[in-house]
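In our numbering, the protein residues as written are 234 to 582.
Have a look at this one:
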């Protein structure tokens, strides 16, 4: 079998099918309807296996069978899917009712270490400004243009290089984001009582959950099962978030040229994953459609692609191609593509 190696996209952007946006939005309208029954099934087939895997791992580790900790790996996959359910709740697309979405999202937030209301607000800002060079910084991977990078001091460039290093983004970043950043009422939460309550209420729920695990199963289970499961899910989640907007021909524009629809379809990727990975990631790879119409539930995304196959040809990335995006770090406004630091150094000043 051929080894899976990074593969970059071509120097020129792949031709995308011409899309009539008004017609496309009209065609997508029937898929925007949530189903309480389908939502309940998706929640059950995610939460129940997660609980069983966690319990099996906890009992094995508590009994001295350390190999039981390996069950944290598949449990992390189910936890990732649970986070994607929380994500859809935040968009009001998982269940029909706002209350059902809200409370499901809040409860899941105590498990995923993500304060629901706070994250929902930040994520809405992300959707509103994706691909807009003048609205960066809200729920995004920090991305500088080539010109901005060159204007930095040597110290500033070193810090940006350190931030964009894969070890920082995918090994240190998930722990920092989910264990620390999500615990602090920063930004709007400083002045918004509801967001402050969201952060601190989630912290209290997490403290209660962690305390319960220690009391019932012991600190070994917390350290060898629960935390690894959380970090596995967080790491995969950060990778998925990265690949959704950090690819070679992702479109970025200044406000005067920015278009919500263009940013959705050409600034967000279609991550064409194998079926098993697609299931665990809850179709979040169909991200260009999600940004175009965020009220479509994840469990209808494959139906969308079947009904509108032209969407498969826009911003498509395979698993192999996605590995090549790790090197990308800077947006070049002249060539309109993401560059690696090495490529950027070869661009005349």
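Quick reminder that beta carbons are idealized off the backbone N, C-alpha and C, glycines included.
If you're wondering where the values come from, they're calculated on a predicted model, not measured in any experiment.
- Look at the region 271-335 and you find these whole runs of alpha helix (DSSP H), each 4 residues long or longer: 305-323.
- Under DSSP, residue 573 takes part in a beta bridge, and its partners are 561.
- Checking the DSSP bridge columns, you'll see residue 504 partnered with 550.
- In its chain, beyond the 5 residues on either side, 399 have a beta carbon closer than 6 Å to the beta carbon of residue 559.
- Of the candidates 337, 299 and 480, 337 places its Cα closest to the Cα of residue 280.
- Within the region 380-407, the complete alpha helix (DSSP H) runs of at least 4 residues fall at 387-397.
- Per DSSP, reduced to three states, the secondary structure at residue 347 is coil, with no helix or strand assignment.
- Within the same chain, Cβ atoms closer than 7 Å to the Cβ of residue 570 are found at 481 and 482, the five residues on either side in sequence being excluded.
- In this structure, 375 is the residue among 359, 375 and 533 with its C-alpha nearest to the C-alpha of residue 393.
- A straight line joining the alpha-carbon of residue 573 with that of residue 475 spans about 15 Å.
- Taken in chain order, the whole alpha helix (DSSP H) runs of length 4 or more contained in the region 519-550 are 520-525 and 534-540.
- With contacts defined as CB atoms closer than 7 Å, residue 364 and residue 270 fail to qualify as a contacting pair.
- For residue 365, there is no enclosing alpha helix (DSSP H), since its DSSP letter is neither H nor E.
- In chain order, 476 place their CB closer than 6 Å to the CB of residue 555, counting only its own chain and leaving out the 5 sequence neighbours on each side.
- Per DSSP, the continuous alpha helix (DSSP H) segment holding residue 258 begins and ends at 254-261.
- By the criterion of a C-beta distance shorter than 7 Å, residue 406 is surrounded in its chain by 471, once the five residues flanking it on both sides are discounted.
- The three-state secondary structure of residue 495, taken from DSSP, is helix.
- In the three-state reduction of the DSSP assignment, residue 460 falls in the helix class.
- In the three-state DSSP reduction, residue 417 falls in the coil class, being neither helix nor strand.
- In this model, residue 416 and residue 408 are separated by some 12 Å (Cα to Cα).
- For residue 486, the pairing in a beta bridge is given by DSSP as 365.
- Three or more beta-carbon pairs separated by less than 8 Å are not found between the region 525-540 and the region 460-469, which leaves the two stretches without contact.
- Ranking 473, 564, 373 and 448 by CA distance to the CA of residue 486 puts 564 first.
- Here residue 350 has 427, 428 and 431 as same chain residues with Cβ atoms under 7 Å from its own Cβ, once five neighbours each way along the sequence are excluded.
- Assignment of residue 468 by DSSP, reduced to helix, strand and coil, places it in the helix class.
- Nearest in C-alpha terms to residue 328, of all of 524, 302 and 274, is 274.
- Across the set 255, 319, 260 and 367, the C-alpha of 319 shows the shortest separation from the C-alpha of residue 517.
- Taking the Cα of residue 523 as reference, the smallest distance to any Cα among 568, 498, 335 and 448 is reached at 498.
- Classified as buried, residue 439 has 16 or more neighbouring CB atoms from the shown chains inside 10 Å of its CB.
- The C-beta distance from residue 450 to residue 295 rounds to 5 Å, short enough to fall under 8 Å.
- In the DSSP annotation of this structure, the continuous segment of the alpha helix (DSSP H) that includes residue 427 starts and ends at 426-450.
- Note on residue 509: under 16 other CB atoms within 10 angstroms of its CB, so exposed under the neighbour-count rule.
- Here residue 536 is exposed: its Cβ has fewer than 16 other Cβ atoms, across all protein chains shown, within 10 Å.
- Between the alpha carbons of residue 377 and residue 576 lies a distance of about 15 Å.
- The Cβ atoms of residue 312 and residue 283 lie closer than 7 Å to each other.
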